[in-house]
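Enquirer: In our numbering, the protein residues as written are 1249 to 1430.
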């Protein structure tokens, strides 16, 4: 009886083929096999990229279709919302205490809410500085990482403060990462 190792097969198919198929485990142990593995890896990545491109094209078609069919609906929605808004304004002019009206198909009216503030941060900051309103300006503290890298020494993958000779345990040094270029 043969056993199938390292093959991703449907369990039913795997059972029926156990008697006849042997999948050997592949090991890279020379340059020829490494080159074959790189070629295989590139082929798999190209197939994956082709699948993603196809999916993106289909998504684009679906998005275009959705925009097309919903654009007229959005215009109709805005039209009816405008009609109801005008009617609610007219009701409020007739009765200043008017807030909302409930009908069989829904409810509309005015809702009390906190005013929404919109800021132009750059211009507002400029204004506050010009008018000496510094108490309204928040200063953000952050580490100057470029100066820190020049000051700290790396010993055995740890950051050392050269003046104190202590390990700075709040810094993690990441070693080189294994990389495959195709």
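Heads up, the beta-carbon is just placed ideally off N, CA and C, and yes, glycines get one too.
Going by beta-carbon coordinates alone, are residue 1357 and residue 1334 separated by less than 7 Å?
Expert: Not closer than 7 Å, so no.
Enquirer: With H, G and I counted as helix, E and B as strand and the rest as coil, what does DSSP make of residue 1381?
Expert: It is coil, neither helix nor strand.
Enquirer: Determine the direct distance from the alpha carbon of residue 1313 to that of residue 1322, and round the result to whole angstroms.
Expert: Distance between the alpha carbons of residue 1322 and residue 1313 is about 14 Å.
Enquirer: List in chain order: all unbroken beta strand (DSSP E) runs of 3+ residues lying wholly within the segment 1279-1358.
Expert: With a minimum length of 3 residues, the continuous beta strand (DSSP E) runs that stay inside the segment 1279-1358 are 1348-1351 and 1354-1357.
Enquirer: Can you round the beta-carbon distance between residue 1402 and residue 1409 to whole angstroms, since I take them to be within the 8 Å contact cut?
Expert: Residue 1402 to residue 1409, Cβ: 12 Å. No contact.
Enquirer: Measuring only the C-alpha atoms, how far is residue 1369 from residue 1375?
Expert: Rounded to the nearest angstrom, the two C-alpha atoms are 10 Å apart.
Enquirer: Given a threshold of 16 other Cβ atoms within 10 Å of its Cβ, counted over all protein chains shown, does residue 1412 qualify as buried or as exposed?
Expert: Under this definition residue 1412 is an exposed residue.
Enquirer: Give a yes or no on whether the C-beta atoms belonging to residue 1328 and residue 1339 are separated by under 7 Å.
Expert: Cβ atoms of residue 1328 and residue 1339: not closer than 7 Å.
Enquirer: By the 10 Å Cβ neighbour count, where 16 or more other Cβ atoms means buried, how is residue 1282 classified, buried or exposed?
Expert: That one is exposed.
Enquirer: Which class does residue 1374 belong to by DSSP, given the choice of helix, strand or coil?
Expert: Helix at residue 1374.
Enquirer: Pull up the distance between the alpha-carbon of residue 1429 and that of residue 1279, whole angstroms please.
Expert: Approximately 15 Å between the Cα atoms of the pair.
Enquirer: Can you find the residues in the same chain that come closer than 6 Å, C-beta to C-beta, to residue 1424, ignoring five residues on each side of it along the sequence?
Expert: Correct list: empty, nothing qualifies.
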